[in-house]
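Colleague: Protein chains in written order, with my numbering: chain A, 439 to 551; chain B, 17 to 130.
Have a look at this one.
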């Protein structure tokens with residue numbers, strides 16, 4: 439059974455700092471991995487999608503990497519801003535045809551002005 | 017990616033009643049899903065909404081409690097039946113356009129059962 443863990447559960451940084459959020463998964467047989475952002479009381483906004491054959495994806499100040507064999511992904515945020523404050527969720531979709539996403543509990547990020 | 021409208025955005029309901037949540041996608045999508053996010057927990061898939069046939073439920077979720085409809089390729093509803101305080105959660109609709117695409121989520125419905 440796939441399990442996804444995100445560390446740390448919460449992170450507080452000053453504005454301008456570069457930071458890394460971590461995601462690990464127990465079964466390396468994944469189809470893809472997706473990073474989301476969730477603002478308080480809101481739905482999810484997709485940030486980056488990494489297919490199993492890819493090593494990384496970039497969008498603006500965000501860079502996500504995937505090491506499938508070791509069951510790890512990182513989300514790098516450059517030059518953090520207060521508007522980046524949110525909960526960041528990692529989700530994996532397993533191989534084998536299932537459409538189910540397995541989510542971690544998220545990392546709550548606070549960027550202080 | 018697809019844009020998903022979900023309503024209501026929030027509701028407070030009495031124990032024993034039912035609530036139907038609507039999900040509208042701005043374009044035809046292959047797959048639609050319903051997730052639940054209980055306080056402090058990760059998102060959990062309730063079911064896959066299949067167009068023109070019965071939904072496919074995950075372990076621990078049953079049709080009598082969470083009936084789902086999907087009459088076409090852009091619309092689905094989830095009903096939370098005979099509600100109890102334990103059903104208080106955020107319910108999210110999700111869709112995927114096709115192979116190789118990621119998943120898009122609606123803004124969620126925050127349900128409180130009193």
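Just so you know, even glycine gets a beta-carbon here, dropped at the ideal spot from N, CA and C.
Which same chain residues, not among the five before or five after residue 510 of chain A, have their C-beta less than 6 Å away from its C-beta?
Modeller: By one-based count along the first chain, residue 510 of chain A stands at place 72. Closer than 6 Å at Cβ, skipping near neighbours: 462.
Colleague: Go to residue 22 of chain B, then tell me how far its beta strand (DSSP E) extends in each direction, as first and last residue.
Modeller: By one-based count along the second chain, residue 22 of chain B stands at place 6. Looking at the DSSP string, the run of the beta strand (DSSP E) that includes residue 22 of chain B is 20-23.
Colleague: Within 10 angstroms of the Cβ of residue 549 of chain A, are there 16 or more other Cβ atoms? Answer buried if so, exposed if not.
Modeller: Your numbering for residue 549 of chain A matches position 111 in the first chain. Looking at its Cβ environment, which holds 16 or more other Cβ atoms inside 10 Å, residue 549 of chain A is buried.
Colleague: Does residue 385 of chain A pass the burial test, meaning 16 or more other C-beta atoms within 10 Å, or should it be called exposed?
Modeller: Any question about residue 385 of chain A goes unanswered here, given that chain A covers just 439 to 551.
Colleague: Hey, out of A/443, A/439 and A/454, whose CA is closest to residue 517 of chain A's CA?
Modeller: For the purposes of this step, residue 517 of chain A is taken as residue 79 along the first chain, with counting starting at 1. Ranking the options by Cα distance to residue 517 of chain A, first place goes to A/454.
Colleague: In chain order, what are the residue ranges of uninterrupted alpha helix (DSSP H) at least 4 long that sit wholly in the segment 455-501 of chain A?
Modeller: You should have found no qualifying run.
Colleague: Pick out whichever of B/99, B/127, B/103 and B/88 has its Cα sitting closest to the Cα of residue 40 of chain B.
Modeller: Walking along the second chain from the start, residue 40 of chain B turns up at place 24. Out of B/99, B/127, B/103 and B/88, B/88 has the C-alpha closest to the C-alpha of residue 40 of chain B.
Colleague: When Cβ atoms are compared, which residues of the segment 458-487 of chain A fall closer than 7 Å to chain B?
Modeller: Residues 472, 479, 480, 481, 482, 484 and 487.
Colleague: Exposed or buried, what is residue 19 of chain B when buried is set at 16 or more other beta-carbons lying within 10 Å of its beta-carbon?
Modeller: Within the second chain, the letter at position 3 stands for residue 19 of chain B. Answer is exposed; the Cβ neighbour count stays below 16.
Colleague: Please confirm whether residue 108 of chain B and residue 118 of chain B have their CB atoms less than 8 Å apart.
Modeller: The count along the second chain starts at 1 and reaches residue 108 of chain B at position 92. The count along the second chain starts at 1 and reaches residue 118 of chain B at position 102. Cβ atoms of residue 108 of chain B and residue 118 of chain B: not closer than 8 Å.
Colleague: Could you work out which residues of chain A lie near residue 124 of chain B, taking near to mean beta carbons separated by less than 7 Å?
Modeller: In the second chain, the residue the question calls residue 124 of chain B occupies position 108. Per Cβ cutoff of 7 Å: 480 and 481.
Colleague: Please report how far the alpha carbon of residue 488 of chain A lies from the alpha carbon of residue 52 of chain B, in whole angstroms.
Modeller: Working through the first chain from its first residue, we reach residue 488 of chain A at position 50. Working through the second chain from its first residue, we reach residue 52 of chain B at position 36. Roughly 24 Å between the two C-alpha positions.
Colleague: Given a limit of 9 Å on CB to CB distance, which residues of the segment 91-122 of chain B reach chain A?
Modeller: Within the segment 91-122 of chain B, the residues whose Cβ lies closer than 9 Å to some Cβ of chain A are 106, 108, 109, 110, 112, 116, 117, 118, 119, 120, 121 and 122, listed in chain order.
Colleague: On the three-pair Cβ rule with 8 Å, is the segment 470-478 of chain A touching the segment 516-532 of chain A?
Modeller: With the cut-off at 8 Å, the segment 470-478 of chain A and the segment 516-532 of chain A touch.
Colleague: Per DSSP, what kind of secondary structure is residue 522 of chain A in: helix, strand or coil?
Modeller: One-based indexing of the first chain puts residue 522 of chain A at position 84. Helix, per DSSP.
Colleague: At a CB distance below 9 Å, what residues from the segment 534-547 of chain A approach chain E? Give them in sequence order.
Modeller: The chain inventory of the structure shown lacks chain E, comprising the protein chains A and B.
Colleague: Which value, in whole angstroms, describes the spacing of the CA atoms of residue 60 of chain B and residue 452 of chain A?
Modeller: Here the question's residue 60 of chain B lines up with position 44 in the second chain. Here the question's residue 452 of chain A lines up with position 14 in the first chain. Roughly 33 Å between the two C-alpha positions.
Colleague: Using a beta-carbon distance below 8 Å, is residue 35 of chain B in contact with chain A?
Modeller: Indexing the second chain from 1 puts residue 35 of chain B at position 19. Not closer than 8 Å to any Cβ of chain A, the Cβ of residue 35 of chain B fails to qualify, so no.
Colleague: In chain order, which beta strand (DSSP E) runs of at least 3 residues are fully inside the segment 36-106 of chain B?
Modeller: Those beta strand (DSSP E) runs which fall completely within the segment 36-106 of chain B and span 3+ residues are 47-53, 60-65, 84-88 and 91-96.
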